[in-house]
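Enquirer: Positions -7 to 379 (this note's numbering) are the ones given, in order, by the sequence shown. Virtual Cβ for every residue (Gly too), placed ideally from N, Cα, C. Quick caveat: nothing in here was measured; it's all calculated off a predicted structure.
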Amino acid sequence: MNWKKTLIAGWMAQFLSILGFYFVSPFFPLYLQKIGAKTPQDAAFWGGLVSFAGSFALFIFSPLWGVIGDKIGRKPMVLRAFFGSGIFIFLMSFAHSPSQLVFYRFLHASFAGTVSASLSLISTIIPEDKVPFSMGIMQSAIYTGASIGPILGGFLASSMGYKVSFYFAFFIYIIGGFIVLFLIHEDFKRPNTQKGIESKERAIGIFKLLSLYLVFQFLFTLGNRASYPILPLLVQELGKGIRDTGFVFGTSSIASAISSLFIAKLLERMNAYRLLKYLFLVSALTFFPIYFINTPLQLIIIRTLTGFFVGGIIPAFNSFITEIIPKSSRGKAFGLTSSAYSLGNAFGPLIGGIVGAHIGFREVFLFSGTIFILCALGMNLISRRKV
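1) Under three-state DSSP, which class holds residue 306?
2) Exposed or buried, residue 351, counting other C-beta atoms within 10 Å across all chains shown (16 or more means buried)?
3) Go through its chain and collect everything with a Cβ distance to residue 345's Cβ below 6 Å, but skip five positions before and after it.
4) Among the residues of its own chain, which have a CB less than 6 Å from the CB of residue 334, if the five just before and after it don't count?
5) For the region 129 to 147 against the region 234 to 252, do three or more pairs of beta-carbon atoms, one drawn from each stretch, fall closer than 8 Å, so that the two count as touching?
6) Out of 79, 372, 106, 98, which has the shortest C-alpha to C-alpha gap to residue 264?
7) When you compare the region 68 to 81 with the region 160 to 179, are there three or more beta-carbon pairs, one atom per stretch, that lie closer than 8 Å?
8) For residue 129, collect the residues of the same chain with a Cβ closer than 7 Å to its Cβ; drop the 5 residues on either side in sequence, then sort them by chain order.
9) According to the neighbour-count rule (16 or more other Cβ atoms, all chains shown, within 10 Å of its Cβ), is residue 278 buried or exposed?
10) At what residue ranges does the region 69 to 104 contain a whole run of the alpha helix (DSSP H), taking only runs of 4 or more?
11) Considering only C-alpha positions, which residue in the set 356, 304, 179, 176 is nearest to residue 284?
12) Does the distance from the C-beta atom of residue 113 to that of residue 66 stay below 7 Å?
13) Exposed or buried, which one is residue 84 when buried takes at least 16 other CB atoms within 10 Å?
14) Could you work out which residue in 57, 298, 116 is closest to residue 106 when comparing CA atoms only?
15) Could you check how far apart the C-beta atoms of residue 358 and residue 301 are, in whole angstroms? I think they sit under 8 Å.
16) Given a threshold of 16 other Cβ atoms within 10 Å of its Cβ, counted over all protein chains shown, does residue 306 qualify as buried or as exposed?
17) If you drop the 5 nearest sequence neighbours on each side, which residues of the same chain put their C-beta closer than 8 Å to that of residue 308?
18) At which residues does the alpha helix (DSSP H) containing residue -1 begin and terminate?
19) With burial defined as no fewer than 16 other Cβ atoms inside 10 Å of the residue's Cβ, what is the status of residue 219: buried or exposed?
20) When the Cα atoms are used, what is the spatial distance from residue 97 to residue 29?
21) Determine the extent of the alpha helix (DSSP H) in which residue 229 is found, giving its start and end residues.
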């Protein structure tokens, strides 16, 4: 089996899955106004619930699918994620009320998880010495899909309607699933598992992970995601529509992709604690000015800066883990980060929707900036002591 062809197929499939999701997800708050949300404030609230439902479902079901994958193989789990996501994205086009969209999003996320499933599959097929390289390539597929999806989805929705965007997203998922089905081959062998006695070193590493990393990962995701259901509505408030919303999300993702490569090099020369402190602080300073903007162009510029600095936080966090967690515990440590991310991704949009509905859209960005300031202060305390 040619591992390069497998990696190319995996990249294509992963790109299509992210492209399909971002074809529609940035525009949920606008779609909600078409199916029953009477005011932008109602749309902000229901948009938060839609995001919460998806993240909560991922938090519950992702570990379950992971256990099943270890028993029957990773490829069936990837196919489940692609085809399941496609079906429920298609059903979202038939939602007639905000509550129905929340329900369909919960079902969609329950069967989704293409990212974790695809990474698990590729990492077990690619030769061991090529795994780090392949993980970087797969990550580029995620950023590329997240960059292009909102832009193309925005053009499509504005010209042909929201429902057509859901139909296109469905076909994109299905094509990705067939790429995995026919172009990626897995020779699965169920591994032998042996339970060992936990060492003191491992216990300390897990404790540090839970007490430090998971808290900051949760707060970071909470603050960052709080603004997601508000951004389309803020663009609308500024007098623009779907296309500009797509550009806001797309340019931010492009900046994050560039930032992750730059930060990876910087981490070779700089302590992760110090770097995270500065990234949180500078990111916070890009949230506050949004309160004062008057044009969509100002929003695009500021969100691009936010995307650049926030995009560097995730690779810095990964380096943070390797500094405090021993090798024997890193696998489980990175697994736990998924749970922290899901929780933050669940409560962030929910809180953002509530704040946007009852206080104001712009105040959500003040909330996010404050969370990032708290994270910067916390990382400053950590950087002054040896963990």
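Expert: Quick look at the numbers:
1) helix
2) exposed
3) 36, 37, 39, 40, 221
4) 47, 50, 51
5) yes
6) 372
7) yes
8) -1, 3
9) buried
10) 90 to 103
11) 356
12) yes
13) buried
14) 57
15) Not confirmed; about 17 Å, so no contact.
16) buried
17) 255, 259, 264, 267, 268, 271
18) -5 to 16
19) buried
20) 16 Å
21) 223 to 229
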